[in-house]
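What follows is a set of notes on a single structure, which appears directly below.
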Amino acid sequence: MSDRKYLVHPDRPEKIEYCKNCVAPSSSAIPLAFDEEGVCSGCRVSGQRDKVDWEDRKNRLARLLNRYRSKDGANYDCIIPVSGGKDSYFQTHVIKNIMGMNPLLVTYHGNNYTPTGLKNLRNMKEVFGVDHMFFTPSIHVLQTLNRMGMLMMGDMNWHAHCGIFTLPIRVALQFNVPLIIWGEHGFMDIGGMHSYNDFVEFTYRYRHEHLCRGYEWYDFLEAAPSYGESLEKKDLITWMYPSDEEIDRVGVRGIFISNYVPWEANVHGEMVKKEYGFLESEEPFERTYRRMSNLDDMHENGIHDYMKYIKFGYGRATDHTCKDIRAGKMTREEAIEIVRQRDHIKSKDLWRWLDYVGWTEEKFDQVADTFRDPRVWWKGQNGEWVKDNLWDE
Amino acid sequence: MQLRRLIPALFIQNGLIVRSEDFSIHQIIGNVVNEAARYNQWNVDELIYVDISRHQKYDARRDDHRISSFSSIEEIIQGISKVCFMPLTFGGGIRKIEDVDVRIRNGADKVILNTGAYETPELVEAIASKYGNQCCVISADYRMVDGSPMLFTNMGTRNTGVNVLDWIRRCETMGAGEIFLHAIDRDGKANGYDFETINRACEATRLPVIACGGAATIEDFIDVFLDTPASAIAAGNMFHFTEHSYPRAKRELKREKINVR
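Residue numbers (this note's numbering), protein chains in the order written: chain A, 1 to 393; chain P, 1 to 261.
Set out below in structure tokens:
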């Protein structure tokens, strides 16, 4: 339990445990468990991939897709939510070019696209020859939700998590297209939340509890006055999840194709660069070494991720090295060095965000500090923040 | 004729819902209270929660979540009771009547026990006399050993050497109200229910039998209700993964003319 009280030197919280195979910490923001050998569920589930009969899975996918294919060509066969990232390219490649479906691409645009991310997104429509719906909520509302998200849960990007996982469902209802194709199940991929035998699908509870952290649009509406913000119900339509009755009416269902097609981001990344002209970030990121992940939102690899470090003591360099260790592309020692160099960096995109929402750096730091998890951080001899480190194991 | 029930069974480890496989692999699924709230929206017949924590340590792990952390099983039951308005059975770590009192006082309607009942049979009698037979559900966890279903205790780790069918008969005489027949070998394997043992258990007792272990699809529920006289079916993992899994299952069961609510 955490009563949000910080321990001070010489006391300290219970030691953080790290996976013996990768570098995932027990303070993981996503559900992650360690087995008796000290190996995390992310590594264990990733190891299952080699035992899956992928030919059988592909046949299952083909059968499933055929059930949803428009009989007379008068409607889309499915919806693919896309950010324009390498995974979006891979999803569309599989569904349109391999399986022969006619998808409608749907994008939630949270007004923070990187120039390269935007180029990649625009390129999709042309290289795949598909229809694409591109949606941006009001900038004023997005700025408000950025500030409130940061104050309410230490995450300016709540609007994006919620928007990405709400807008496509609303479009599915509006267009009467029941099948939504998601890429990988993020929490299964990093944390090993489910087994490959589960054929896990998209659910409201996963979205509400894990992706939106238990907050909905009405929590923002209710809280706005206490933060000095002004929001009306009509401002928040984008984030309103449809009722069970509406979902049932159309029979909306979201599958993750990582259950049907082997998912290896590094391989996909190279393929989509070569085949479809996908571009890596021209500029390196400060908090991760990968140049082809999370290109859409300029703060996703930056200050949004820095908040994960502030809260839980680790960041995207840890996540990315975990994936690359499991894929056999990196040793644990190499990963530790990368984590040591990057996880703590306060990235320079902060200045853009501060300008965007009208905050000072002092205010940002002050708010950020209130979200430090006492399971991870304690106060050192001189009142400074201290935490366990991977390299001190 | 009595309505047959479909019951989500949820396993709690250190304060979080886990996906269980073979009683030994546990992956974290999420928050106990959120899960109960969703099942309440789905209007489920009843819920069974079993706390399989090895240590008395409860933590929801994140403070930036709308549902804040909790530190005891009492807080967890209270949290569930606030959002869930169906019969609630709570189990795990029940060794004495005071453990039962805590669970009932905080909102549980029934308790479910395995090791406690085996090691202290008089506890079953005590629960029955204090709260009524219907309050006491016995979790008869078994593995197939040399072709016989044997009762296991201590979270599936200890073979008692007792045939589970004999144990069920004894539980009935001790005053239990219901049998939760749990096939450990099938836990989380999605390989279908153990029809033979379910049928034999139903023959061995007049108590309602809840069959658990092996569910993969809604067809598995239909088969159990068509091919065995089980009063209820419980399933864990599969309810977590697909949207509207419970209402869809109910609809399919009704379509097969199975007498469910």
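We treat Cβ as the ideally placed atom computed from N, Cα and C, and that holds for glycine.
Straight-line CA distance for P:Arg5 to P:Ser231?
Your numbering for residue 5 of chain P matches position 5 in the second sequence. Your numbering for residue 231 of chain P matches position 231 in the second sequence. Their backbone Cα atoms lie some 7 Å apart in a straight line.
Where do the N-terminal and C-terminal ends of the beta strand (DSSP E) with P:Cys212 fall, by residue?
Your numbering for residue 212 of chain P matches position 212 in the second sequence. Run containing P:Cys212: 209-212, per the beta strand (DSSP E) assignment.
Is it the case that the Cβ atoms of P:Asn237 and P:Gly161 are separated by a distance below 9 Å?
In the second sequence, residue 237 of chain P corresponds to position 237, counting from 1. In the second sequence, residue 161 of chain P corresponds to position 161, counting from 1. No; because the gap between Cβ atoms is not below 9 Å, this pair is not in contact.
Helix, strand or coil: how does DSSP classify A:Met298 here?
The residue given as residue 298 of chain A occupies position 298 in the first sequence. Residue state, collapsed to three classes: coil.
Just to confirm the assignment, what range does the beta strand (DSSP E) spanning P:Gln27 have?
Stepping through the second sequence from its first residue, residue 27 of chain P is reached at position 27. Residues 25-31.
Could you give the uninterrupted runs of the beta strand (DSSP E) lying entirely in the segment 153-184 of chain A, keeping only those of 3 residues or more?
179-182
If you draw a straight line from the C-alpha of A:Pro168 to the C-alpha of A:Cys78, how long is it?
Along the first sequence, one-based indexing puts residue 168 of chain A at 168. Along the first sequence, one-based indexing puts residue 78 of chain A at 78. Their Cα atoms are separated by approximately 11 Å.
C-beta atoms of A:Val171 and A:Met124 nearer than 9 Å
Position 171 of the first sequence, counting from 1, holds the residue named residue 171 of chain A. Position 124 of the first sequence, counting from 1, holds the residue named residue 124 of chain A. The Cβ atoms of A:Val171 and A:Met124 lie no closer than 9 Å to each other.
Would you check if the segment 173-189 of chain A and the segment 90-109 of chain A touch, i.e. whether three or more CB-CB distances between them fall below 8 Å?
yes
Cβ shell of P:Lys110 (< 6 Å), same chain only, five flanking positions each side left out:
Numbered from 1 along the second sequence, position 110 holds the residue referred to as residue 110 of chain P. Thr89, Cys135, Val137, listed in sequence order.
So, does the segment 239-246 of chain A touch the segment 271-286 of chain A, judging by three or more C-beta pairs under 8 Å?
No, because fewer than three Cβ pairs between the segment 239-246 of chain A and the segment 271-286 of chain A fall closer than 8 Å, the two stretches do not touch.
Just the C-alpha distance for P:Arg66 and A:Ala224, rounded to the nearest angstrom, thanks.
Within the second sequence, residue 66 of chain P is the residue found at index 66, counting from 1. Within the first sequence, residue 224 of chain A is the residue found at index 224, counting from 1. For P:Arg66 and A:Ala224, the distance between alpha carbons rounds to 16 Å.
Note the first and the last residue of the continuous beta strand (DSSP E) segment covering A:Phe371.
As a first step, residue 371 of chain A is located in the first sequence; it is residue number 371 there, counting from the start. Run containing A:Phe371: none; DSSP gives neither H nor E here.
Could you check whether the segment 77-87 of chain P touches the segment 54-63 of chain P, counting it as contact only if at least three pairs of C-beta atoms, one from each stretch, sit closer than 8 Å?
no
Going by beta carbon distance, what residues of the same chain come within less than 7 Å of A:Asp343, once the five residues before and after it are set aside?
Here residue 343 of chain A refers to the residue found at position 343 when the first sequence is read from its first residue. If we look at A:Asp343 and ignore the five residues flanking it on each side, its Cβ neighbours are Tyr309, Tyr314, Gly315, Ala317, Thr318.
Residues from the segment 18-29 of chain P in contact with chain A, defined by Cβ distance under 9 Å
Val18, Arg19, Glu21, Ser24, Ile25, His26, Gln27, Ile28, Ile29
Return the chain-ordered ranges of every alpha helix (DSSP H) run that is complete within the segment 297-330 of chain A and spans a minimum of 4 residues.
303-312, 316-326
For the putative contact between P:Gly292 and P:Val50, defined by C-beta atoms under 8 Å, what is the C-beta separation to the nearest angstrom?
Here chain P has residues from 1 to 261 only, and residue 292 of chain P is not among them.
By the DSSP assignment, the alpha helix (DSSP H) with A:Pro225 in it spans what residues?
By one-based count along the first sequence, residue 225 of chain A stands at place 225. Element bounds for A:Pro225: n/a, residue is neither H nor E.
Quick one, which of A:Tyr76, A:Lys274, A:His93 has its alpha-carbon nearest A:Asn176's?
Here residue 176 of chain A is taken as the residue at index 176 of the first sequence, counted from 1. It is A:Tyr76.
Interface flag, P:Ile76 vs chain A, CB-CB below 9 Å:
Position 76 of the second sequence, counted from the first residue, corresponds to residue 76 of chain P. Answer no: the Cβ-Cβ gap between P:Ile76 and chain A never drops below 9 Å.
Of all the CB atoms in chain A, is at least one closer than 9 Å to the CB of P:Ile67?
For the purposes of this step, residue 67 of chain P is taken as residue 67 along the second sequence, with counting starting at 1. By this cut-off, P:Ile67 is an interface position.
Find out if the Cβ-Cβ distance for the pair A:Val267, A:Phe312 is shorter than 9 Å.
Working through the first sequence from its first residue, we reach residue 267 of chain A at position 267. Working through the first sequence from its first residue, we reach residue 312 of chain A at position 312. Contact: no.
DSSP-derived helix/strand/coil call for A:Met101
Residue numbering aside, residue 101 of chain A sits at position 101 when the first sequence is read from its first letter. A:Met101: coil per DSSP, three-state reduction.
Considering only the beta carbon of each residue, do A:Lys348 and A:Ala265 sit closer than 9 Å?
Your numbering for residue 348 of chain A matches position 348 in the first sequence. Your numbering for residue 265 of chain A matches position 265 in the first sequence. No. Outside cutoff.
Local conformation of P:Asp141 per DSSP, three classes
Numbered from its first residue, the second sequence carries residue 141 of chain P at position 141. Three-state result, P:Asp141: strand.
Pairing CB atoms from the segment 109-128 of chain A with CB atoms from the segment 322-339 of chain A, are three or more of them under 8 Å?
no
So which residues of chain P does A:Thr136 contact, with C-beta pairs closer than 7 Å?
Counted from its first residue, the first sequence places residue 136 of chain A at position 136. Ordered by position in chain P, no residue passes the 7 Å Cβ test against A:Thr136, which lies about 27 Å from the chain.
Would a C-beta distance cut-off of 9 Å place P:Ser139 and P:Ile112 closer than the cut-off?
In the second sequence, residue 139 of chain P corresponds to position 139, counting from 1. In the second sequence, residue 112 of chain P corresponds to position 112, counting from 1. Cβ atoms of P:Ser139 and P:Ile112: closer than 9 Å.
What is the rounded straight-line gap between the Cα of A:Trp391 and the Cα of P:Glu172?
Taking the first residue of the first sequence as 1, we reach residue 391 of chain A at position 391. Taking the first residue of the second sequence as 1, we reach residue 172 of chain P at position 172. Rounded to whole angstroms, the separation of the alpha carbons of P:Glu172 and A:Trp391 is 57 Å.
What does DSSP give as the partner residues of P:Ser148 in its beta bridges?
For the purposes of this step, residue 148 of chain P is taken as residue 148 along the second sequence, with counting starting at 1. P:Ser148 is bridged to P:Val145.
What does a CB cutoff of less than 6 Å around A:Arg213 pick up in its chain, not counting 5 residues either side in sequence?
The sequence position of residue 213 of chain A within the first sequence is 213, counting from 1. So the qualifying residues of the chain are Met153.
Check the DSSP bridge columns for P:Asp22 and list the partner residues they point to.
Translated into the one-based positions of the second sequence, residue 22 of chain P becomes position 22. Paired residue(s): none; P:Asp22 is not in a bridge.
Which value, in whole angstroms, describes the spacing of the CA atoms of A:Leu7 and A:Phe371?
Taking the first residue of the first sequence as 1, we reach residue 7 of chain A at position 7. Taking the first residue of the first sequence as 1, we reach residue 371 of chain A at position 371. Taking the straight line joining both Cα atoms gives about 15 Å.
How about A:Asn157 and A:Asp297: do their beta carbons lie closer than 9 Å?
By one-based count along the first sequence, residue 157 of chain A stands at place 157. By one-based count along the first sequence, residue 297 of chain A stands at place 297. Yes, Cβ-Cβ distance for A:Asn157 and A:Asp297 is below 9 Å.
So, using beta-carbon positions, are P:Asp22 and P:Gly156 closer together than 9 Å?
Along the second sequence, one-based indexing puts residue 22 of chain P at 22. Along the second sequence, one-based indexing puts residue 156 of chain P at 156. Yes; because the gap between Cβ atoms is below 9 Å, this pair is in contact.
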